[in-house]
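Chemist: In our numbering, the protein residues as written are -13 to 210.
I'd like to ask some things about the structure below.
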């Protein structure tokens, strides 16, 4: 056997631990149809290629692990491809929302009404952002991520809660519906890939643990 319990211990601590943490986080976001798309970066914030869930110094350990378990590589590739496709779909959907005459009209009406209705300047709802393109980007982001309610600590929470019913129907606008559907399908595909990869990694972790008598967790801090 070209590897032993010390290497297995390193895989458990530097590969499996972080991979499972990242995959579980992704599963929760995907199940909730929150793609974590951010308008500032035009990227997904919490959905990433698997390697990015690991500390940079541990990624060589991931490569080492995969070299001994080649069946894992295509599952990782499937996961990473699905993440890329979801990001591409979100970006296309975002661009289409910003270009939508319906979205622009609703935005202009809300920007005009909100100051009198809410007793404060429209721009004050967007924190440090000062450009109209950022205001529009923020609201388009909520549409893409299927946000219905925002936590109160968001600067845009009051504005969104008051006017979201104006914006949410845009997802079903004929000019945008096919992009929303494509995004939803990409999200479902990624969720399947997350579940498949998680199952395979758990299977391999169990095999290694039993073969080398190595526990999943070496020790617990502050055990009571």
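From the three backbone atoms N, C-alpha and C, an ideal C-beta is built for every residue, glycine too.
As the structure is a computational prediction, the values presented were derived from the model and not from experiment.
Quick one: what does DSSP say residue 23 is sitting in, helix, strand or coil?
Modeler: Within the chain shown, numbered from 1, the residue matching residue 23 stands at position 37. In this structure, residue 23 counts as strand in the three-state DSSP scheme.
Chemist: For residue 33 and residue 139, what's the separation of their Cα atoms in angstroms?
Modeler: Walking along the chain shown from the start, residue 33 turns up at place 47. Walking along the chain shown from the start, residue 139 turns up at place 153. Here the alpha carbon of residue 33 sits roughly 23 Å from the alpha carbon of residue 139.
Chemist: Hey, could you find the ends of the alpha helix (DSSP H) residue -12 is sitting in?
Modeler: Here residue -12 is taken as the residue at index 2 of the chain shown, counted from 1. Unbroken run through residue -12: none, as it is neither H nor E.
Chemist: Is the Cβ-Cβ distance between residue 84 and residue 172 less than 7 Å?
Modeler: The residue given as residue 84 occupies position 98 in the chain shown. The residue given as residue 172 occupies position 186 in the chain shown. Not a contact, by the Cβ cut-off of 7 Å.
Chemist: My assumption, with CB atoms under 8 Å, is that residue 30 sits in contact with residue 76. Please give the rounded CB distance.
Modeler: Residue 30 sits at position 44 when you count from the first residue of the chain shown. Residue 76 sits at position 90 when you count from the first residue of the chain shown. With a Cβ gap of about 7 Å, residue 30 and residue 76 count as contacting.
Chemist: Can you tell me which residues form a DSSP beta bridge with residue 196?
Modeler: As a working note, residue 196 is residue 210 in the chain shown. Residue 196 is not bridged to any residue.
Chemist: Excluding sequence positions up to five away, which residues of its chain have a Cβ less than 7 Å from the Cβ of residue -11?
Modeler: Numbered from its first residue, the chain shown carries residue -11 at position 3. So the list reads 54, once near-sequence residues are dropped.
Chemist: Can you give me the start and stop residues for the alpha helix (DSSP H) that residue 102 sits inside?
Modeler: To locate residue 102, count along the chain shown from 1; it is residue 116. Segment 87 to 104, the alpha helix (DSSP H) holding residue 102.
Chemist: Around the Cβ of residue 110, are there at least 16 other Cβ atoms within 10 angstroms (buried) or fewer (exposed)?
Modeler: Counted from its first residue, the chain shown places residue 110 at position 124. It is exposed - the Cβ of residue 110 has fewer than 16 other Cβ atoms within 10 Å.
Chemist: Do the CB positions of residue 48 and residue 1 come within less than 7 Å of each other?
Modeler: The residue you call residue 48 lines up with position 62 of the chain shown. The residue you call residue 1 lines up with position 15 of the chain shown. Against a cut-off of 7 Å, the Cβ pair of residue 1 and residue 48 comes out as a contact.
Chemist: In chain order, which continuous runs of the alpha helix (DSSP H) of length 4 or greater are located wholly inside the region 19 to 84?
Modeler: 45 to 54
Chemist: Please classify residue 162 as buried or exposed, where buried requires at least 16 neighbouring CB atoms within 10 angstroms.
Modeler: The residue given as residue 162 occupies position 176 in the chain shown. Counting Cβ neighbours within 10 Å, residue 162 comes out buried, since at least 16 surround it.
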